[in-house]
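Per my numbering, the very first residue in the sequence shown carries number 3; after that it's consecutive.
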Amino acid sequence: MDPEVMLWGGFNLAVLIILVIDLGLFNRKAHIISTKEATIWTLVWITLSLMLCGGIWMWWGPDGPERAQEFFAAYVLEYSLSVDNLFVFIMVFSYFKVAPSFQHRLLFWGILGAFVMRAGMIIGGAALVERFHWMLYIFGAFLLITAIKMLFAKEKDIDPEKTVIVRLARRVLPVAEGKHGEHFFIREHGKLKATHLFIALIFVEAADLLFAIDSIPAVLGVTRDPFIAYSSNICAILGLRSLFFVVGPLLDKFHYLKFGVVLVLGFIGVKMIVEPWFKVDILISLSVIGTLLASAMIFSVTHPPKKEKKGHGA
Numbered sequence: 003m004d005p006e007v008m009l010w011g012g013f014n015l016a017v018l019i020i021l022v023i024d025l026g027l028f029n030r031k032a033h034i035i036s037t038k039e040a041t042i043w044t045l046v047w048i049t050l051s052l053m054l055c056g057g058i059w060m061w062w063g064p065d066g067p068e069r070a071q072e073f074f075a076a077y078v079l080e081y082s083l084s085v086d087n088l089f090v091f092i093m094v095f096s097y098f099k100v101a102p103s104f105q106h107r108l109l110f111w112g113i114l115g116a117f118v119m120r121a122g123m124i125i126g127g128a129a130l131v132e133r134f135h136w137m138l139y140i141f142g143a144f145l146l147i148t149a150i151k152m153l154f155a156k157e158k159d160i161d162p163e164k165t166v167i168v169r170l171a172r173r174v175l176p177v178a179e180g181k182h183g184e185h186f187f188i189r190e191h192g193k194l195k196a197t198h199l200f201i202a203l204i205f206v207e208a209a210d211l212l213f214a215i216d217s218i219p220a221v222l223g224v225t226r227d228p229f230i231a232y233s234s235n236i237c238a239i240l241g242l243r244s245l246f247f248v249v250g251p252l253l254d255k256f257h258y259l260k261f262g263v264v265l266v267l268g269f270i271g272v273k274m275i276v277e278p279w280f281k282v283d284i285l286i287s288l289s290v291i292g293t294l295l296a297s298a299m300i301f302s303v304t305h306p307p308k309k310e311k312k313g314h315g316a
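Encoded structure:
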């Protein structure tokens, strides 16, 4: 059998087995995920990701150390770019009134959809860069534009009900009224109908697709290897699901993290554009990404937002 097929097949099979154990054994019954449980699962996913990184280092061959460094850099990068996903989770759970006991189920199935989407985008993106080298400039320019837009974009509330994807879903699918627990579909008067939980799942998938449009070019700026890009992406979003239940309530405290992400996107964009003339070593890339993100988080903690003073009435 082709070693590359075994590599991809083995990785996906291992991930699916772990997810089946997660849902079928530890989360068979809907329950509220405690901070302790979420922390344990976050550490499990981080440990498994580091084990994969170590395996790549030892068994990839002569290029093992470099590929392992690329994996780790792409892993950290995807984690940082996925912060916006956490805010989307909070918004979706609040808007659709998803009970805490059903939030894990929603994110579980959302991640399975992300597998397919990201695999297609990464393989396609890597193939484009391999065949048409000038695509590097396109991706690099896209990341720079994204960074500039993110820097000057004003914070605004999003109404999921007014988004194209939710409106389209409601037109195409008959939607049952009221709450129906953990079910995505129910039979009502003999007719199969989607529940609000399924509409929430569609919105989560659509949001992940939009964020992937930014993150995939950034990851390809770190590594050209489709498997390294894909596996690091999947490992990051798997850990992101449990991380949400740990840091979700603390996200507002890292108010400068956005600027760290902007600088990271700008750095990767410039790196891709100048690559034909100046190749940035992967260790330098990893150091820059880590330093920018850590600095943004530390600055957020040491410089909390000033509270507005209330005026005194007469």
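Don't be surprised by glycine CBs; every beta carbon is placed ideally from N, CA and C.
Member of 35, 246, 296 whose CA lies at the smallest distance from the CA of residue 93: Selection 35, 246, 296 evaluated against residue 93 yields 246 as nearest (Cα-Cα).
Residue(s) in a DSSP beta bridge with residue 196: Residue 196 is bridged to 177, 187.
The segment 135 to 154 contacting the segment 217 to 226, beta-carbon criterion three pairs below 8 Å: Segments in contact, yes.
Segment contact flag, the segment 173 to 187 with the segment 299 to 308, C-beta cutoff 8 Å, min 3 pairs: Cβ pair count under 8 Å is below three, so no.
Nearest-angstrom Cα separation, counted from residue 270 out to residue 223: Rounded to whole angstroms, the separation of the alpha carbons of residue 270 and residue 223 is 6 Å.
Reference residue 260; option with closest CA among 69, 85, 68: Residue 260 has its Cα closest to that of 85, out of 69, 85, 68.
Residue environment, residue 312, which counts as buried when at least 16 other CB atoms sit within 10 Å: Confidence at residue 312 is low in this model, with a pLDDT of 48, below 50, so the placement of that residue should be treated as unreliable; the coordinate-derived value is given next. Under this definition residue 312 is an exposed residue.
Spatial neighbours of residue 43 in its chain, beta-carbon cut-off 7 Å, leaving aside the 5 residues before and after: Correct list, in chain order: 244.
Which listed residue (171, 117, 175) has its alpha carbon closest to that of residue 15: Distance from the Cα of residue 15 is smallest, within the candidate group 171, 117, 175, for 117.
Contact under 7 Å by Cβ, residue 80 with residue 238: Less than 7 Å divides the Cβ of residue 80 from the Cβ of residue 238.
Close-in-space but distant-in-sequence residues of the same chain around residue 119 (CB under 8 Å, 5 per side omitted): The beta carbon of residue 119 sits closer than 8 Å to those of 207, 210, 211, 214, all from its chain and outside the five residues before and after it, given in chain order.
Secondary structure of residue 257, DSSP reduced to three states: If DSSP states are grouped into helix, strand and coil, residue 257 belongs with coil.
Alpha helix (DSSP H) segment containing residue 38, residue limits: Start and end: 37 to 61.
Cβ pair residue 188, residue 178 closer than 7 Å: Cβ distance < 7 Å, so residue 188 and residue 178 count as in contact.
Buried or exposed by the 16-neighbour rule on C-beta atoms within 10 Å, applied to residue 69: Buried, because 16 or more other Cβ atoms sit within 10 Å of the Cβ of residue 69.
Whole-Å CB distance - residue 350 paired with residue 295, under 8 Å assumed: Because residue 350 is not part of the residues shown, which for the chain are 3 to 316, the question remains open.
Three-state secondary structure assigned by DSSP to residue 226: DSSP places residue 226 outside both helix and strand once states are collapsed to three, so it counts as coil.
Short Cβ contact (7 Å threshold) for residue 317 with residue 34: No statement about residue 317 is possible, as the shown extent of the chain runs from 3 to 316 and does not include it.
Span of the alpha helix (DSSP H) around residue 16: It spans 5 to 23 - the alpha helix (DSSP H) in which residue 16 sits, taken as one unbroken run.
Residues of its chain near residue 71, where Cβ-Cβ distance is below 8 Å and the 5 sequence neighbours each way are ignored: By the criterion of a C-beta distance shorter than 8 Å, residue 71 is surrounded in its chain by 284, 285, 288, once the five residues flanking it on both sides are discounted.
Separation of residue 7 from residue 300, as counted between CA atoms: If I take the Cα positions, the gap works out to 42 Å.
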